[in-house]
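Report on the following structure.
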Amino acid sequence: MAADHGQRGVTMAQPGLQEKLYHALRDDFLAGAFPAGTKINLRRYTRRYSASMTPVREAAFRLVGEQLFEPHPQSGFRIYLPAAAELHALYAWNGQHLLAALHGTHPSVLHDILRPFRAQKSGDVQSCYDDTVGLGLVTRAGELFRAIGMATGNKEYALRIEAANHRLHYLRLAETRLFKDYARELDRLVKGDNNDVENNVRRRILTYHRRRIEQVGPILQLAQSSGQP
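Numbering (our numbering), first residue to last: 3 to 231.
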């Protein structure tokens, strides 16, 4: 009986470990820690958390399900980058979803959620790309879009936008290298308007996504080259 009780304790502890490993992998993904195309070193997580490879792989497979990781051709995992047609569709879907969220948001609420973003200017990204600056700008873009989803009062909008933020994360890092006015572009998205705030933001959201749809090829090329020496 004692042995059975001990085994049950180990089983109950395992989900907590798997959750820690999942969040560790996802946090490192969002920190831009995994170069594109490069096999992710899962052994590092077994050492850090004194875990076997099995729960680490299970955590990685969760990220495969979220389309953040994919199997590496030589076994293991690497970050997932979409094909051109898929990225085109993802940009279009994200833009349409944000427009739907804006349509369901009262103008006064939209004013309120944009206010803190207007208060923090992004500055500018110069031709000399800085990883830290780029990551900060991408994080700010994701937070803005998620806030638009939250403003609807329907958490499903925010959940779907957050999932798209994660899937687009490494592509947006590439965008900061392609679009040297990326920071100013974010500032324009939240620019203060006293009249017709919804239509003004809608127009800017459309312009933002149309620009990316037109540059899918260069964005993917830059994202894929991030893993090359």
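Every residue gets a Cβ at the ideal spot worked out from N, C-alpha and C, and that includes glycine.
Valine 135 CB to nearest heavy atom of the ligand PLP below 6 Å: The ligand PLP is not part of this structure, which contains no ligands at all.
Outcome for leucine 104 when other beta-carbon atoms lying within 10 angstroms are tallied against a minimum of 16: What you label residue 104 is simply residue 102 of the sequence shown in a count that begins at 1. Leucine 104 comes out buried.
Local conformation of glutamate 72 per DSSP, three classes: Numbered from its first residue, the sequence shown carries residue 72 at position 70. Here glutamate 72 sits in strand by DSSP.
Residues bridged to isoleucine 81 (per DSSP): Locating residue 81 in the sequence shown gives position 79, where the first residue counts as 1. Phe71, per the DSSP bridge assignment.
Histidine 211 versus proline 57: straight-line alpha-carbon distance, rounded: Against the sequence shown, residue 211 aligns to sequence position 209. Against the sequence shown, residue 57 aligns to sequence position 55. If I take the Cα positions, the gap works out to 38 Å.
Residue of Thr48, Ala86, Tyr47 and Ile42 minimising C-alpha distance to valine 66: What you label residue 66 is simply residue 64 of the sequence shown in a count that begins at 1. Measuring from the Cα of valine 66, the nearest candidate turns out to be Ile42.
DSSP-derived helix/strand/coil call for isoleucine 207: Against the sequence shown, residue 207 aligns to sequence position 205. Three-state DSSP puts isoleucine 207 in a helix.
Glycine 155 versus Ala102, Arg80, Thr48 and Ala94, residue with shortest Cα-Cα distance: Here residue 155 refers to the residue found at position 153 of the sequence shown. Relative to glycine 155, the option among Ala102, Arg80, Thr48 and Ala94 whose CA is nearest is Ala102.
Cβ-based neighbour list, tyrosine 93, same chain, cut-off 6 Å, excluding 5 preceding and 5 following: What you label residue 93 is simply residue 91 of the sequence shown in a count that begins at 1. If we look at tyrosine 93 and ignore the five residues flanking it on each side, its Cβ neighbours are His211, Arg214 and Ile215.
Counted within 10 angstroms of its Cβ, other Cβ atoms place leucine 158 as buried (16 or more) or exposed: For this step, residue 158 is matched to residue 156 along the sequence shown. A quick correction: the sequence has glutamate, not leucine, at residue 158. Flag for glutamate 158 reads exposed.
Boundaries (first-last residue) of the alpha helix (DSSP H) holding proline 220: Numbered from its first residue, the sequence shown carries residue 220 at position 218. Residues 218 to 227.
Chain-order list of residues whose beta-carbon lies under 6 Å from that of threonine 178 (same chain, five-residue window excluded): Start at 1 with the first residue of the sequence shown, and residue 178 comes out as number 176. So the qualifying residues of the chain are Val127, Gly136, Leu139 and Tyr184.
Distance between glutamine 98 and glycine 151 (C-alpha atoms, nearest Å): Here residue 151 corresponds to residue number 149 of the sequence shown, with the count starting at 1. Here residue 98 corresponds to residue number 96 of the sequence shown, with the count starting at 1. Distance between the alpha carbons of glycine 151 and glutamine 98 is about 12 Å.
Inter-residue Cα distance where the pair is asparagine 167 and arginine 28: Mapped onto the sequence shown, residue 167 falls at position 165. Mapped onto the sequence shown, residue 28 falls at position 26. Roughly 13 Å between the two C-alpha positions.
DSSP-derived helix/strand/coil call for isoleucine 163: Taking the sequence shown and counting its residues from 1, the one referred to as residue 163 is at position 161. The answer is helix: DSSP assigns isoleucine 163 an H, G or I state.
Cutoff 8 Å; reference leucine 208; Cβ partners in own chain excluding five residues on either side: By 1-based counting over the sequence shown, the position of residue 208 is 206. Closer than 8 Å at the Cβ level, and outside the excluded window around leucine 208, lie Gly97 and Leu101.
Exposure of histidine 25, with buried meaning 16 or more beta-carbon neighbours within 10 Å: Walking along the sequence shown from the start, residue 25 turns up at place 23. Counting Cβ neighbours within 10 Å, histidine 25 comes out exposed, since fewer than 16 surround it.
Residues near histidine 7 in its chain [Cβ-Cβ closer than 7 Å; skip 5 each side]: Working through the sequence shown from its first residue, we reach residue 7 at position 5. Confidence at histidine 7 is low in this model, with a pLDDT of 45, below 50, so the placement of that residue is unreliable and no value is reported for it.
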